[in-house]
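Enquirer: Below is one structure. I have some questions about it.
2 protein chains.
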Amino acid sequence: MTALGPLPSGFEAALARARSAVEAELCRALAAEPGPVAEAMLYACEGGKGLRGFLVLEGARLHGLSEAQAIPAAAAIEALHAYSLIHDDLPCMDDDDLRRGRPTVHRAWDEATAVLAGDALQSLAFELVCQAGGSPEARLTLTLTLARAAGVAGMVGGQALDIAAETAVEPLTLEQITALQARKTGALITWSAAAGARLAGADPAPLVRYGDALGLAFQIADDLLDVEGSAEEVGKAVAKDAARGKATFVSLLGLAGAKARAQALVENACAALDVYGAEASTLREAARFVTARRK
Amino acid sequence: MTALGPLPSGFEAALARARSAVEAELCRALAAEPGPVAEAMLYACEGGKGLRGFLVLEGARLHGLSEAQAIPAAAAIEALHAYSLIHDDLPCMDDDDLRRGRPTVHRAWDEATAVLAGDALQSLAFELVCQAGGSPEARLTLTLTLARAAGVAGMVGGQALDIAAETAVEPLTLEQITALQARKTGALITWSAAAGARLAGADPAPLVRYGDALGLAFQIADDLLDVEGSAEEVGKAVAKDAARGKATFVSLLGLAGAKARAQALVENACAALDVYGAEASTLREAARFVTARRK
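Chain order of the listed sequences is B and R.
FYI, numbering that gives the first Met the number 0 numbers position 271 of the first sequence as 270, with every residue one higher than the one before it.
FYI, numbering that gives the first Met the number 0 numbers position 109 of the second sequence as 108, with every residue one higher than the one before it.
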């Protein structure tokens, strides 16, 4: 008899459930469309952790919305995230061959298909988000905040700063890298966390604070994985940052300092949830998970 | 004393006015954002005809909306169009060096900036469109229809078919090329024409019929310019289709046949406007203009 592994916690079960609900929604949205671009879109949405979609569903649950009302927004953020990964991996960007343990889209198909699949996933994200449940005003706010989080003042702006940093003479300071990451990865994570409150027409401030802290902790964990993880575990190339001489939270704070900073952020994230009491325990677990993850 | 050239017609004056109002809105939207990506975004929005933005404003005027209510939607469609041109021109797509008489974005900057500027222009389009005037329900419908027209079932799907046609053994039939163009260029033109009716909560059907006919006439005129125009006049490379052995309306219908088909479509477009009476004369002029244009 083999020993049983640890049973899935509330968080892991909720994450798996969210991931499968979101994948079903994306399959449904793309089912009618034949051809390589739609296939590449679906391929790019598979195999991720599904953390952003989970955050949307969990935030919505905290505000009394049904899963059916929140699923379009959860699928939207996973589609948007998948688009950003496809374009990030392009030869003219990070030039990566491996993503989520599989060939990147431009390796599995070609560059033109990768550009188009990313473009169409962004459109799909907006097609989905404006179909979430909630009042029309709330749905418009959700759509507007997603567009801002994705655009040049948010994620794309962060990516542009990241590219500029690679050719800059001086490495980034801690303040600069924090600001960069708040846009590059933080904006969409914060949007995900706060989406349920926005859809319900409630004050998004506590979940915005939670998302801001979580997003930064997530990025520090990513930098730690780049140093400590193996490509097999992580599912993408590692040790790339040091090879490029790129400033990261680890290069600026050291391994122990980066771990301590991530831990402090997890505590901030959990504290922001106080207003929700015990109802938010799965989101607290999620915050602990992002710094403990191995991929 | 030199002879005066022809005075601007109602249409040309309205087009110029729409173009400058849309450019002002896009400048305003991007003014706060420093850096090369925001500069490239604005650069890509400059120098076009502004036909799509004009169609939005004119359709809105027909439905009693103010220019202020419609401008965000007009700016949105021009931002979306500019994104599609940037990505279309990339080396892995059409690999063009010239657009609107100037270097393409990836030539003036680099490929990474071109990918990001296109991506952020798509986000900006959705940021703008959901801020148009009108009821929340109408604004959501406008946003949803834009996302569908832009995505894999619309423009991007048409681009994918176009790429597939280049390596296909058999050239496209007239029916296939009509279906392809209805998605690649038609979907956004039809959206533009019908946007004002949708914002006003009115029946968009007449303007959809107008837009469908106009979009196809526009594409036939484009094919004619590729054969008959000079690069200097058109502002981009010409005679590319024949060089690639690509089926076009001209290769399938002949020069005279293509011109006759465009003319018939202009008449269909004008007939669709009958319900609007004399109020729609500028839109009728626009339909005649797209087939008479030299760029």
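All C-beta atoms in this analysis are idealised placements derived from N, C-alpha and C, irrespective of residue type, glycine included.
Every value quoted in this text rests on a predicted model; they were computed, and no experiment measured them.
1) Quick one: grab the DSSP three-state call for R/Pro205.
2) Spatial neighbours of R/Thr1 within its chain, please: C-beta separation below 6 Å, excluding the five flanking residues on both sides.
3) Please go through the same chain and pick out, in chain order, the residues whose beta-carbon is closer than 6 Å to the beta-carbon of R/Glu266, but skip the five residues on each side of it.
4) Any idea if R/Ala13 is buried or exposed, counting beta-carbon neighbours within 10 angstroms, 16 or more meaning buried?
5) Residues of chain R with CB closer than 7 Å to the CB of B/Ile162, please, in chain order.
6) If you follow the alpha helix (DSSP H) that B/Gly195 is in, where does it begin and where does it stop?
7) Since I believe B/His86 is in contact with B/Leu187 (beta carbons under 8 Å), could you give me their beta-carbon distance rounded to a whole number of angstroms?
8) Hey, quick one: how far does the alpha helix (DSSP H) through B/Pro71 stretch, first residue to last?
9) Under 8 Å, do B/Ala75 and B/Leu127 count as touching if we go by C-beta distance?
10) So, under 8 Å CB-CB, R/Gln262 and R/Thr281 are touching, yes? Tell me the CB distance rounded to an integer number of Å.
11) Excluding the 5 residues preceding and the 5 following R/Ala67 in the sequence, name in chain order all residues of the same chain whose CB lies nearer than 7 Å to its CB.
12) Between B/Val226 and B/Leu254, how many whole angstroms is the CB-CB distance? I'm expecting something under 8 Å.
13) Based on DSSP bridge pairs, tell me the residues matched to R/Gly97.
14) Excluding sequence positions up to five away, which residues of its chain have a Cβ less than 6 Å from the Cβ of B/Pro203?
15) Thinking B/Leu123 and R/Gly150 are a contact (beta carbons under 8 Å), I'd like their distance in whole angstroms, please.
16) Please confirm if R/Gln336 has its CB atom under 8 Å from at least one CB of chain B.
17) According to DSSP, simplified to helix, strand and coil, what is B/Ser250?
18) Which whole-angstrom value describes the C-beta separation of R/Ala304 and R/Pro205, a residue pair presumed to lie in contact below a C-beta threshold of 8 Å?
19) Would you say R/Thr142 reaches chain B, if we count a Cβ-Cβ gap shorter than 8 Å as a contact?
20) Could you tell me which chain R residues have their CB closer than 9 Å to the CB of B/Leu139, listed as they occur along the chain?
21) Which value, in whole angstroms, describes the spacing of the CA atoms of B/Val168 and B/Arg106?
22) Helix, strand or coil: how does DSSP classify B/Glu57 here?
23) I want to verify the contact list: residues of chain R whose CB lies under 7 Å from the CB of B/Glu22, in sequence order.
24) Residues of the region 75 to 100 of chain B in Cβ contact with chain R at a cutoff of 7 Å, in chain order, please.
25) Buried or exposed for B/Leu173, please, with buried defined as at least 16 other CB atoms from any protein chain shown within 10 angstroms of its CB.
26) Pick from R/Cys129, R/Leu224, R/Leu64 and R/Gly185: whose alpha carbon is nearest that of R/Ala212?
27) Name, please, each residue of chain B whose Cβ falls closer than 8 Å to the Cβ of R/Gln121.
28) For R/Ala167, which three-state DSSP category applies?
29) Give a yes or no on whether the C-beta atoms belonging to R/Gln158 and B/Leu115 are separated by under 8 Å.
30) With respect to the alpha helix (DSSP H) encompassing R/Asp273, which residues constitute its N-terminal and C-terminal limits?
31) Give me, in chain order, the residues of the same chain whose beta-carbon lies closer than 8 Å to that of R/Val36; leave out the 5 immediate sequence neighbours on both sides.
32) For B/Leu115, return the contacting residues in chain R, with the cut-off set at a CB-CB distance below 7 Å.
33) Since R/Glu32 meets chain B, which of its residues come closer than 8 Å, beta carbon to beta carbon?
34) Report all residues from its chain with a CB closer than 7 Å to the CB of R/Ala277; omit the five preceding and five following residues, and keep chain order.
35) For B/Lys258, which of helix, strand or coil comes out of DSSP?
36) Would you kindly work out how many angstroms separate the C-alpha atoms of B/Tyr209 and B/Ala285, rounded to a whole number?
Expert: A quick look at the data gives this:
1) R/Pro205: helix per DSSP, three-state reduction.
2) Confidence in R/Thr1 is poor, its pLDDT being 48 and thus under 50, which makes the residue's placement unreliable; the coordinate value appears in the next sentence. Cβ within range, chain order: n/a, list empty.
3) So the list is empty, once near-sequence residues are dropped.
4) R/Ala13 should be labelled buried.
5) Chain order gives the chain R residues near B/Ile162 as Ala111, where near means a beta carbon separation below 7 Å.
6) Counting along the chain, the alpha helix (DSSP H) containing B/Gly195 begins and ends at Ala186 to Leu198.
7) Contact flag wrong, Cβ pair sits at about 14 Å.
8) Counting along the chain, B/Pro71 sits inside the alpha helix (DSSP H) bounded by residues Glu66 to Asp88.
9) Closer than 8 Å, so yes.
10) Actually they do not touch by this definition, with Cβ atoms about 19 Å apart.
11) If we look at R/Ala67 and ignore the five residues flanking it on each side, its Cβ neighbours are Gly132.
12) Between B/Leu254 and B/Val226 the Cβ distance is about 7 Å, and since that is below 8 Å, they are a contact.
13) A small correction: the amino acid at residue 97 of chain R is Leu; Gly does not occupy that position in the sequence shown. R/Pro102, per the DSSP bridge assignment.
14) For B/Pro203, where only same-chain residues beyond five positions count, the Cβ hits under 6 Å are Ala193, Ala196 and Arg197.
15) At roughly 6 Å, the Cβ-Cβ gap stays under 8 Å, so B/Leu123 and R/Gly150 are in contact.
16) Here chain R comprises residues numbered 0 to 294, so residue 336 of chain R is not present and cannot be evaluated.
17) The three-state reading of DSSP puts B/Ser250 in helix, counting H, G and I together.
18) Here chain R covers residues 0 to 294 and nothing more, so residue 304 of chain R does not appear.
19) Chain B contact via Cβ: present.
20) Chain R residues near B/Leu139: Cys129, Gln130, Pro135, Arg138, Leu139 and Thr142.
21) If you draw a straight line from the Cα of B/Val168 to the Cα of B/Arg106, it comes to about 32 Å.
22) In the three-state DSSP reduction, B/Glu57 falls in the helix class (H, G or I).
23) Below the 7 Å Cβ cutoff, chain R contributes no neighbours of B/Glu22, its closest Cβ being approximately 17 Å away.
24) So the list reads His86, Leu89, Cys91 and Met92, given in the order they occur along the chain.
25) Classification for B/Leu173: exposed.
26) For R/Ala212, the nearest C-alpha among the options comes from R/Gly185.
27) What R/Gln121 touches in chain B: Asp118, Gln121 and Ser122.
28) R/Ala167 falls in the coil class under three-state DSSP.
29) It is a contact, given that the beta carbons lie within the stated cut-off.
30) Segment: none, R/Asp273 is in no alpha helix (DSSP H) and carries neither H nor E.
31) Only Thr112, Leu115, Ala116 and Ala119 meet the Cβ criterion.
32) Residues of chain R whose Cβ lies closer than 7 Å to the Cβ of B/Leu115 are, in chain order, Val155, Gln158 and Ala159.
33) Neighbours of R/Glu32 on chain B, chain order: Val151, Ala152 and Gly156.
34) Result list for R/Ala277: empty, nothing under 7 Å.
35) In the three-state scheme derived from DSSP, where H, G and I count as helix and E and B as strand, B/Lys258 is classed as helix.
36) Each residue's Cα considered, the two are about 11 Å apart.
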